[in-house]
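Just below is one structure, and these are the notes that go with it.
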Amino acid sequence: RTRFRPVEVRVLSDYFMQRTIDDDVSVSDQEVRDFYEAHPTLFERPARMEIWHIVRNIVVPENASEREKIDAGLEVQNQLLQIRNLVASRGHSFVTYANRFTESDDGGYMGYVTLLAMKPEWVRVAAYLEEGEISEPFRFGDTFEILLRGGYEEAGVFKFEEIKDKAEQAAREEKVSAKRVEEIDHLLTSTGMIYDSRPLVDMLSRLAEGLKQQPDYWRDPYR
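Residue numbers (my numbering): 5 to 227.
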């Protein structure tokens, strides 16, 4: 063939850019922090609350009758009610019980989470708890659970330490875009071509902005 198809040209040019420019681009810690501070809207987070929980599985014998299934559920529910009463009336530590008795993989501590990140069954409970309040036991599938709500953080910006990796990626993408434009200008100038690079700069800038944009699910519909 005497010429490449447009798709092939784009693939080859992108490969050339990656090998000659992208791989050599790095960002310093200071550049990452400067980028983070200059683009706070890229690192917004919704409001979130601190949650501990105790999960207990409902264990029923094989071929159990409906009565046995109900009794098994009531037994687990009563276990959690006893824990709740010990914490609420006698000042026992919910966190200690969560660490010892929860059957969840997180060891009883969910951390700071948004309502959007919770399962609907949890949202219906957690959304109405005050700080330090313990929920009544509620059923979730084959388990019963109780929640303790800790602190609450208003919507804001992620701390730099929490988002450093994402900030580094976004800062590098911006630097790569600038380097690509610089390299194209250099190549065109060295060949004596007169070329208006403004449309290209605009295109690469919009592409970089699109890559940095948070996906829709990142936003909290409860805000």
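Each residue gets a CB set at the ideal place from its N, CA and C atoms; glycine is no exception.
Counted as a single uninterrupted DSSP element, the beta strand (DSSP E) harbouring T147 occupies residues T147 to E157.
Shown here, G160 sits in a strand according to DSSP, grouped into three states.
V185 sits in a helix when the DSSP states are folded into three classes.
Under the DSSP assignment, F47 falls outside any alpha helix (DSSP H); it carries neither an H nor an E label.
No Cβ-Cβ contact shorter than 9 Å links Y101 with I62. In this structure I55 is buried. Its beta-carbon is surrounded by 16 or more other beta-carbon atoms within 10 angstroms. Going by C-alpha positions, R153 is about 28 Å away from T45.
The alpha carbon of E178 has as its nearest neighbour, out of D33, F39, K123 and D28, the alpha carbon of F39. Within the same chain, Cβ atoms closer than 8 Å to the Cβ of V31 are found at F39, E172, A175, R176 and K179, the five residues on either side in sequence being excluded. Put simply, the stretch 134 to 146 touches the stretch 87 to 94. At least three CB pairs are less than 8 Å apart. Counting only the Cα atoms, Y156 lies some 26 Å from R60.
By the 16-neighbour rule on beta-carbons within 10 angstroms, G136 is exposed. Buried is the label assigned to F148, since at least 16 other Cβ atoms lie within 10 Å of its Cβ. Around the Cβ of A130, a 10 Å sphere holds 16 or more other Cβ atoms; the residue is buried.
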